[in-house]
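*Asks:* Going by this note's numbering, the residue at position 496 of the sequence shown is 1934; the numbering climbs one at a time, nothing skipped.
All C-beta atoms, glycine included, are put in the ideal place defined by N, C-alpha and C.
Mind having a look at this structure? Questions to follow.
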Amino acid sequence: MMKLNKSLLFFGGIVCCLTFTFLSAQVTPYVDTKIGTDAHGHTFPGAAWPFGMVQCSPDTRLEGWDGCSAYHHSDSIVYGFSHTHLSGTGVPDYADVLIMPGVGKAVFNNGSDGTEGYRSPFDKSTEQCQAGYYRCLLTKPDIEVELAVTPRTGIQQYTFKNSDQGWIIIDLSHRDKLVAHNLSIYNSGEIGGSRISRAWAKEQHVYFRTKLSLPILRHEFNEDSSKVILYFDLKGKRKLVLQTAISAVDEVGAKKNLEKEWINFRFETARKAAVSKWEEMLQRVSIKDQSENNKKIFYTSLYHCLMAPCLFQDVDNRFRGMDMKIHTGSAEAPRYTVFSLWDTYRAAHPLYQLLYPEYNKSFVISMLGMSEEVGRLPVWELSANETFCMIGSHSIPVIANALIHGREDYTEEQIQRLYKACRKTLFENNFCGQENFRNGMLSAENEGESVSKTIENSLDYRALAVIAEIAGASEDEVIRANTFSLNYKNLFNPLSGFFQAKLNQKFVSAFVPEEVNQHYTEANAWQYLFGAHHDIKGIMDLFGGEKMTEKKLDSLFGRSSTMSGRDQSDITGLIGQYAHGNEPSHHVAYLYNFTGKPAKTQTLCKKIMTELYTSAADGLCGNEDCGQMSAWYVFSSMGFYPVNPLEKKYILGYPMFDEFWIKIPDKKPIHFKKLKEQGNNYLSVCKVNGYSTNSCLSINFGDEIVYEMGSDEKAIKISPCIPGSIHPHRFIFAPMVFLGNQVFEDSTLVSFRAMGQSEPTEIKYRLNSIQAEEKIARTPFVIKEASDIYFRNCIRGTENCSALLKAVFKPLPNGVELKLNTAYANHYSAGGEVALIDGMQGSLDFHDGYWQGYQGSNVEIELKLDTSMHYKKCFVRCLQNQRAWIFLPASVDFRSSVSGSISSWKSVSNPHSQQTEQAFVHEFEIPIDAGVRLLELKLNSIGQVPSWHVGAGDKPWIFVDEIRMIK
1439 MMKLNKSLLF FGGIVCCLTF TFLSAQVTPY VDTKIGTDAH GHTFPGAAWP
1489 FGMVQCSPDT RLEGWDGCSA YHHSDSIVYG FSHTHLSGTG VPDYADVLIM
1539 PGVGKAVFNN GSDGTEGYRS PFDKSTEQCQ AGYYRCLLTK PDIEVELAVT
1589 PRTGIQQYTF KNSDQGWIII DLSHRDKLVA HNLSIYNSGE IGGSRISRAW
1639 AKEQHVYFRT KLSLPILRHE FNEDSSKVIL YFDLKGKRKL VLQTAISAVD
1689 EVGAKKNLEK EWINFRFETA RKAAVSKWEE MLQRVSIKDQ SENNKKIFYT
1739 SLYHCLMAPC LFQDVDNRFR GMDMKIHTGS AEAPRYTVFS LWDTYRAAHP
1789 LYQLLYPEYN KSFVISMLGM SEEVGRLPVW ELSANETFCM IGSHSIPVIA
1839 NALIHGREDY TEEQIQRLYK ACRKTLFENN FCGQENFRNG MLSAENEGES
1889 VSKTIENSLD YRALAVIAEI AGASEDEVIR ANTFSLNYKN LFNPLSGFFQ
1939 AKLNQKFVSA FVPEEVNQHY TEANAWQYLF GAHHDIKGIM DLFGGEKMTE
1989 KKLDSLFGRS STMSGRDQSD ITGLIGQYAH GNEPSHHVAY LYNFTGKPAK
2039 TQTLCKKIMT ELYTSAADGL CGNEDCGQMS AWYVFSSMGF YPVNPLEKKY
2089 ILGYPMFDEF WIKIPDKKPI HFKKLKEQGN NYLSVCKVNG YSTNSCLSIN
2139 FGDEIVYEMG SDEKAIKISP CIPGSIHPHR FIFAPMVFLG NQVFEDSTLV
2189 SFRAMGQSEP TEIKYRLNSI QAEEKIARTP FVIKEASDIY FRNCIRGTEN
2239 CSALLKAVFK PLPNGVELKL NTAYANHYSA GGEVALIDGM QGSLDFHDGY
2289 WQGYQGSNVE IELKLDTSMH YKKCFVRCLQ NQRAWIFLPA SVDFRSSVSG
2339 SISSWKSVSN PHSQQTEQAF VHEFEIPIDA GVRLLELKLN SIGQVPSWHV
2389 GAGDKPWIFV DEIRMIK
């Protein structure tokens, strides 16, 4: 009886959903889940529930970057239908509990090796890709497959067209590395099991329970019981319906989820319930417009925004925490997973806060719970695993945005816990080099991607300052956080006009702003030029004000799209050097508003919306990234965007729709309307409740917002938005080494500079010890021996100073001359021609500036030796990090010359496996005979990235950082 009551409760919810559907015009027909499945969108077309636990979808691809969601539009083969999928990520995972139907001979092999397998061709023309529903026809077995979902279950309905006998295979070894598993048949109509797997998430737990509408005639396990084939008699019943519940807790949780959301094999009922739920969620924005295509793009974008985060709590309120322990949560604020925060803090979470505030609160409370389980807020959490993918601690700006817009939704106790979690994340963890960052910035030797990390760490501290104010923290705590939020300024080079990396406290030479290199995250210097969007006023001041900022923007959008350096597949959707296909650029088109040129913002926004978002399968110009790519469109098409999510205002752009309403339960609707009597090319005036506003837009529930359009940009009457300022009271620009080579031959001239301070400053330094006498650096000075210099920038005549920095200088070793006969990559130069004998060793982080990189070629080196040094051997130090396409040389060949006589080539082989997952360093030992004057080395590339690798066939890298000579 209890089971019946639970089912009735779920069906009651369905009735409510269906009632809602009939009350208003449907918008779900505008959703086309094929959009984003082609090119590099990385979305999937299957059935999903808004923010649900299950995404039931076809799997057509087993590996590769464009197979991250397990599906690609260009594929014609399907391996089966699994129950979890990631939407738009750049790393593959999920695709758990694969089920595939078939007829005739059944085999355990999936067929990817070219031999007989259970995979099947499918007819692309039969695909129906809708909100909450998917259908296709498997052509080889002639089986129609339909998919639907409830929040925690997937429903699969198979119609066997021409067979009285059929089977399904459940494959737990699909895609990810299987760590542990179990399959159990409980009766003729029920099966369950578990899968613990390793991929992007290092330890993902999935437990499942499946009920089948037909009895199992017989079954067959493979050798390790990771796969099972179930056979059925289809006579008189050509349909087989399966309902599968999953859980991250245990199989008991999966069983309870199945009981609670049981649909009694009524597939159509489940389908209608899912569609009705999507109607309820999508109609929070109700559009009136003549363009059916624009509505299709909009509602599909809004649909994609609701693919993540994903429900992670069972119906009994249990969930797996990031400590891998089982916890009991709250039904009012359940635990969620899949937090792609580097992407989604920008627009997706602000959109959730605007349209789905009750969900966003659960997301924030989930982050809080995670921090209390493991001592820090999540970076990129996946199925209770911290992947540490991407940079920044961007839970903090998500929390700040939620509190700015919805402080009343949180208790004082919750606010204090959130503030404590944010402080602990930044001050008691060292992710993204927090300790070095607080000394003024990150240098290349501190952290790879040091420029991007410095800029994004700065944003996180500004978010902390905002939360500190809301939490009632002391003025000193607010000032301290605000001071750190300006550290990004210490990497601005006024001589180049860009944010640049420093190495040994000196700007890295051979700077090319178009070069994609290790100093930026998936970007180049152009794409991080406006990255500090928490301080628009600050970056405009660095550039020289409004006019110079406008020129910078013009140059960004107007120049060639040609780039150099690393091949970065994420950099797509190019307009000049602006890259809409990746997140750091997303706010930039709106910045013209701050320069008094709103027409340029509107023109660019319209161009991006109409050219880089379409209704085709390749309608996304880059990875969907768990909703962020689509959130940009949703906001922008409504006419505004959260350029700085740490402020309670939006920036105006170009509205696409004639009229629309934002309707949130228990809130007054917000009504937006275009007036187009004077044209529709530009937004001329924006009025809120009858009053004109500037390009900053504040929105409150119940507002009436009118967009008065015009045909000519001269009619625009929108005044510039004045960006907010950060006043830390005590920020002092860090000094830098202006002259001085870190490695020198006989001597080097050293001088320092500090730029940007409004008050007069002086640079003080100590030589070789922080206890040494401190001097004022008035003029350059010469050093001739290894030296450590400690220096700081001080307000003249005071002890109000920046943090103490250290620069290291050392002479080149004697007795060796090096000649490179192979060109290194400019973005992995390690300092240039003498880098391999400069005594500076790299870390395990290949970004650190000390590794010299060569791609797709052997490396040939000549060493001229001073025979009086009596060298006996040398060590060639190389790095392997196969996840970054960096492999040790297959071997190192060498030959030497003594008195003009050249020896034959000899070789030292690489003793290590190419498949070692962790990065490591290996030194190849080369013997040196007495009297050798010339030593030739050839580091032999492995040729191509191996076939087992995700980058199979690509050009591999050789990274070498030092050749050590031993007497």
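At 3 residues or longer, and completely inside the stretch 2158 to 2196: list those beta strand (DSSP E) runs for me, N to C.
*Replies:* Within the stretch 2158 to 2196, the complete beta strand (DSSP E) runs of at least 3 residues are 2174 to 2177, 2186 to 2191.
*Asks:* Starting from F2098, trace the beta strand (DSSP E) in both directions and tell me its first and last residue.
*Replies:* 2097 to 2100 is the span of the beta strand (DSSP E), which, as asked, contains F2098.
*Asks:* Report the residue ranges of all alpha helix (DSSP H) runs contained in full by the stretch 2053 to 2117; include only those spanning at least 4 residues, in chain order.
*Replies:* With a minimum length of 4 residues, the continuous alpha helix (DSSP H) runs that stay inside the stretch 2053 to 2117 are 2066 to 2076.
*Asks:* How is K1799 classed by DSSP in three states: helix, strand or coil?
*Replies:* Three-state result, K1799: helix.
*Asks:* Thinking F2078 and L2090 are a contact (beta carbons under 8 Å), I'd like their distance in whole angstroms, please.
*Replies:* 6 Å between Cβ atoms; contact.
*Asks:* DSSP three-state label for D1614, please.
*Replies:* Three-state DSSP puts D1614 in coil, outside helix and strand.
*Asks:* With the cut-off set at 8 Å, would you say V1545 and Y1556 are in Cβ contact?
*Replies:* It is a contact, given that the beta carbons lie within the stated cut-off.
*Asks:* If you drop the 5 nearest sequence neighbours on each side, which residues of the same chain put their C-beta closer than 7 Å to that of D2367?
*Replies:* Closer than 7 Å at the Cβ level, and outside the excluded window around D2367, lie S2334, V2336.
*Asks:* Threshold first: 4 residues or longer. Then list the alpha helix (DSSP H) segments lying entirely within the stretch 1940 to 2008, N to C.
*Replies:* Runs of the alpha helix (DSSP H) inside the stretch 1940 to 2008: 1974 to 1981, 1984 to 1996.
*Asks:* Excluding sequence positions up to five away, which residues of its chain have a Cβ less than 8 Å from the Cβ of I2208?
*Replies:* Within the same chain, I2208 has close Cβ partners Y2228, L2242.
*Asks:* Closest by CA to L2113, which one among T1825, E1658, D1727, K1710?
*Replies:* Cα-wise, what sits closest to L2113 is D1727.
*Asks:* Residues in the same chain with beta-carbon distance under 7 Å from C2134, minus the five sequence neighbours each way, listed in chain order, please.
*Replies:* Answer for C2134: K2087, I2089, C2159, listed in chain order.
*Asks:* Look at the Cβ atom of V1817, then the Cβ atom of S1831, and state whether they are nearer than 8 Å.
*Replies:* Yes. Within cutoff.
*Asks:* Applying the 10 Å Cβ sphere with the 16-neighbour rule, what's the burial state of I2404?
*Replies:* It is exposed - the Cβ of I2404 has fewer than 16 other Cβ atoms within 10 Å.
*Asks:* Taking three-plus beta-carbon pairs below 8 Å as touching, is the stretch 2296 to 2309 in contact with the stretch 2347 to 2365?
*Replies:* At 8 Å Cβ cutoff, the stretches do not touch.
*Asks:* Checking the sheet assignment: what are the DSSP bridge partners for K2310?
*Replies:* None, per the DSSP bridge assignment.
*Asks:* Taking the C-alpha atoms as reference points, what is the distance between R2204 and C1827?
*Replies:* Near 39 Å, if we compare the C-alpha coordinates of C1827 and R2204.
*Asks:* Per DSSP, which one or two residues make a beta bridge with R1636?
*Replies:* Bridge partners of R1636: K1615.
*Asks:* Checking 8 Å against the spacing of the C-beta atoms, do S2053 and I1537 come in under that value?
*Replies:* It is not a contact, given that the beta carbons lie outside the stated cut-off.
*Asks:* If you draw a straight line from the C-alpha of G1526 to the C-alpha of E2183, how long is it?
*Replies:* Their backbone Cα atoms lie some 51 Å apart in a straight line.
*Asks:* For W2395, name the three-state secondary structure that DSSP assigns.
*Replies:* Reduced to three states, the DSSP call for W2395 is strand.
*Asks:* Determine the extent of the beta strand (DSSP E) in which Y1737 is found, giving its start and end residues.
*Replies:* That residue, Y1737, is in no beta strand (DSSP E); its alpha helix (DSSP H) goes 1730 to 1743.
*Asks:* Counting pairs of beta carbons, one from the stretch 1860 to 1867 and one from the stretch 1834 to 1844, are three or more of them closer than 8 Å?
*Replies:* A contact exists between the stretch 1860 to 1867 and the stretch 1834 to 1844.
*Asks:* Alpha carbon to alpha carbon, how far is N2031 from D1534? Give it in angstroms, no decimals.
*Replies:* If I take the Cα positions, the gap works out to 46 Å.
*Asks:* What do you reckon, are the CB atoms on V2246 and N1942 nearer than 8 Å?
*Replies:* In this structure, N1942 lies closer than 8 Å to V2246 by Cβ.
*Asks:* Compute the Euclidean distance between the alpha carbons of I2396 and S2379, then round it to the nearest angstrom.
*Replies:* The alpha-carbon atoms of I2396 and S2379 are separated by roughly 7 Å.
*Asks:* Please state the DSSP three-state secondary structure of D1531.
*Replies:* The answer is coil: DSSP assigns D1531 none of H, G, I, E or B.
*Asks:* Do you know offhand how far C2232's Cα is from F2190's?
*Replies:* Distance between the alpha carbons of C2232 and F2190: 13 Å.
*Asks:* Measuring only the C-alpha atoms, how far is S2410 from D1476?
*Replies:* This structure gives no information on residue 2410, because the portion of the chain shown stretches from 1439 to 2405.
*Asks:* Considering only residues of the same chain and omitting the five flanking positions on each side of S2329, which have a CB-CB separation below 7 Å?
*Replies:* S2345, V2346, S2347, N2348, N2378.
*Asks:* List the endpoints of the continuous alpha helix (DSSP H) containing E1689.
*Replies:* Run containing E1689: 1689 to 1698, per the alpha helix (DSSP H) assignment.
*Asks:* Hey, is the stretch 2091 to 2109 in contact with the stretch 2031 to 2049, meaning 3+ C-beta pairs nearer than 8 Å?
*Replies:* With the cut-off at 8 Å, the stretch 2091 to 2109 and the stretch 2031 to 2049 touch.
*Asks:* Can the beta-carbon of Q1938 be found closer than 8 Å to that of F1949?
*Replies:* Cβ distance < 8 Å, so Q1938 and F1949 count as in contact.
*Asks:* Answer yes or no: do S1833 and L1779 have a C-beta to C-beta separation smaller than 8 Å?
*Replies:* In contact: S1833 and L1779 (Cβ atoms closer than 8 Å).
*Asks:* Is the separation between the beta-carbon of L1616 and that of G1631 shorter than 8 Å?
*Replies:* No, the pair does not count as a contact, with Cβ atoms beyond the cut-off.
*Asks:* Evaluate the contact criterion for the stretch 1867 to 1877 versus the stretch 1891 to 1908: three or more CB pairs, one atom per stretch, below 8 Å.
*Replies:* Contact holds: three or more Cβ-Cβ distances are below 8 Å.
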